[in-house]
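J.: Per my numbering, the very first residue in the sequence shown carries number 3; after that it's consecutive. Right, I'll just put the structure down here and ask away after.
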Amino acid sequence: MSKATETATLQQLQRRYTRPYVTLAELRADHLPHIQTDKHLLREVAEGRIKIKISRLHRSNRAPRVVTLPDLAAWLDQQLVPGNTNAADAA
Numbered sequence: 003m004s005k006a007t008e009t010a011t012l013q014q015l016q017r018r019y020t021r022p023y024v025t026l027a028e029l030r031a032d033h034l035p036h037i038q039t040d041k042h043l044l045r046e047v048a049e050g051r052i053k054i055k056i057s058r059l060h061r062s063n064r065a066p067r068v069v070t071l072p073d074l075a076a077w078l079d080q081q082l083v084p085g086n087t088n089a090a091d092a093a
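Written out as structure tokens, the structure reads:
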């Protein structure tokens with residue numbers, strides 16, 4: 003993907019979301035509707051079937067897990083790369 007496409011994706015996400023990150027629930031609802039629970043999503047990421055970076059807002063185990071908008075934009079752009087075997091997972 004070109005830098006311009008990556009920037010366009012990030013800009014679209016920034017217009018859509020009011021925070022610089024999305025929660026796992028928002029990620030599932032908006033981009034992975036076939037995944038019903040955070041636990042299932044975390045398992046898919048841990049097993050490498052979905053390659054997206056998940057972070058915590060701070061070091062506490064109770065801190066919510068989130069995906070930053072730049073990481074989400076990069077992951078979305080990667081889904082559009084021809085020959086990407088994970089592209090079907092995103093649909």
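Every residue gets a Cβ at the ideal spot worked out from N, C-alpha and C, and that includes glycine.
Is it the case that the Cβ atoms of Ile-37 and Glu-46 are separated by a distance below 8 Å?
T.: Yes, these two residues count as a Cβ contact at 8 Å.
J.: Distance check for His-60 and Val-68, CA to CA, integer angstroms please.
T.: Cα to Cα, the separation comes out at about 10 Å.
J.: What residue range does the beta strand (DSSP E) around Arg-67 cover?
T.: Note, Arg-67: beta strand (DSSP E), 67 to 70.
J.: So, at 7 Å on beta carbons, what are the nonlocal neighbours of Leu-12 in its own chain, with the 5 sequence-adjacent residues on each side left out?
T.: Excluding residues within five positions, the ones whose Cβ falls inside 7 Å are Leu-71, Pro-72 and Ala-75.
J.: So if DSSP puts Arg-58 in a beta bridge, which residue, or which two residues, is it bridged to?
T.: In DSSP, Arg-58 forms a bridge with Arg-67.
J.: Taking C-beta to C-beta, are Pro-84 and Thr-25 nearer than 8 Å?
T.: Contact: no.
J.: Could you check the C-alpha separation between Ser-55 and Tyr-19 for me, to the nearest Å?
T.: First, the residue type needs correcting, since residue 55 is Lys and not Ser in the sequence shown. If you take the alpha carbons of Lys-55 and Tyr-19, they lie about 18 Å apart.
J.: Do Leu-34 and Leu-43 have their C-beta atoms within less than 8 Å of each other?
T.: Contact: yes.
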